[in-house]
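A.B. asks:
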Amino acid sequence: MRSSLKAVCVAFFVTVMGLTIPTTPAQADVQSCIAGALTSAKAAGSNQIMLKSLYNVYFGEALAQSAARKSWKKLSERGRSDQVVHARKVVLSIASRLAEYAGVEIVYTVTTGPVIQGIALTKDGNVGMKFYMSGECSFSDIAISGYPSLASMVGDFKKLTANKDR
């Protein structure tokens with residue numbers, strides 16, 4: 015509840031008061047990366063080959079590692095590969111939800127280290143977003159208000175499959 019109130023307050027200051035957050039060249043590059051990722055997901059549509067390629071470009075191992083948390087270091091090469099494949103399947107299954115934000119104005123409100131926060135100004139209302147960067151133009155996680163973060167949706171594949179066998 016507090017995060018939605020915070021998003022509404024920030025949106026108010028952005029839209030009514032004309033508040034803008036100063037942008038450095040590095041922040042502009044990250045913002046351009048985010049817009050490019052969303053636009054690319056929309057352009058790919060349901061083309062699985064294009065979506066897999068986009069996953070490799072924008073996430074690679076970073077999302078899989080973030081989802082596996084501490085167990086990533088303990089995983090064998092095969093285990094890491096399985097985690098990456100699982101992460102890619104999850105992202106491909108929800109790519110259309112992410113693509114909905116392509117072309118939507120995102121007002122960037124806070125940048126703290128690798129975490130970029132913003133508010134997507136959609137026709138249905140304002141939506142809080144967090145992008146966890148793992149490189150110049152790659153993500154270790156994305157969180158959109160109203161949905162679990164990507165890393166939490168992916169989870170730790172080894173633990174998930176171990177729980178299935180019980």
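To convert, take the position in the sequence shown, counting from 1, and add 14; that gives our numbering. Cβ atoms here follow ideal geometry from the backbone N, Cα and C, with glycine treated the same way.
Starting from the C-beta of Ser54, find all residues in its chain whose C-beta is less than 7 Å away, skip the five residues before and the five after it, and write them out in chain order.
C.D. replies: Position 40 of the sequence shown, counting from 1, holds the residue named residue 54. For Ser54, where only same-chain residues beyond five positions count, the Cβ hits under 7 Å are Leu68.
A.B. asks: Do Ala134 and Tyr161 have their beta-carbon atoms positioned less than 7 Å apart in this structure?
C.D. replies: Position 147 of the sequence shown, counted from the start, is the residue given in the question as residue 161. Position 120 of the sequence shown, counted from the start, is the residue given in the question as residue 134. No.
A.B. asks: If you follow the alpha helix (DSSP H) that Lys103 is in, where does it begin and where does it stop?
C.D. replies: Here residue 103 refers to the residue found at position 89 when the sequence shown is read from its first residue. Counting along the chain, the alpha helix (DSSP H) containing Lys103 begins and ends at Glu91 to Ala113.
A.B. asks: Would you check whether the ligand HEM has a heavy atom nearer than 6 Å to the C-beta of Asp155?
C.D. replies: Absence of the ligand HEM from the depicted structure is noted, as is the absence of any ligand whatsoever, leaving it without description.
A.B. asks: Is it true that the stretch 73 to 91 meets the stretch 145 to 157, where meeting means three or more beta-carbon pairs spaced less than 8 Å apart?
C.D. replies: yes
A.B. asks: Compare the Cα-Cα distances from Val118 to each of Ala42, Gly50 and Pro128 and report the closest residue.
C.D. replies: For the purposes of this step, residue 118 is identified with residue 104 of the sequence shown, where counting begins at 1. If we check each option's Cα against that of Val118, Gly50 comes out closest.
A.B. asks: Exposed or buried, what is Asn61 when buried is set at 16 or more other beta-carbons lying within 10 Å of its beta-carbon?
C.D. replies: For the purposes of this step, residue 61 is taken as the residue at position 47 of the sequence shown. Counting Cβ neighbours within 10 Å, Asn61 comes out exposed, since fewer than 16 surround it.
A.B. asks: Compute the distance between the beta-carbons of Ala157 and Ser80, then report whether it is under 7 Å.
C.D. replies: As a first step, residue 157 must be located in the sequence shown, where it is residue number 143. As a first step, residue 80 must be located in the sequence shown, where it is residue number 66. Cβ distance not < 7 Å, so Ala157 and Ser80 don't count as in contact.
A.B. asks: Could you tell me which of Val141, Lys66, Arg83 and Val121 sits nearest to Asp170, measuring between CA atoms?
C.D. replies: One-based indexing of the sequence shown puts residue 170 at position 156. The residue with the shortest Cα to Cα distance from Asp170 is Arg83.
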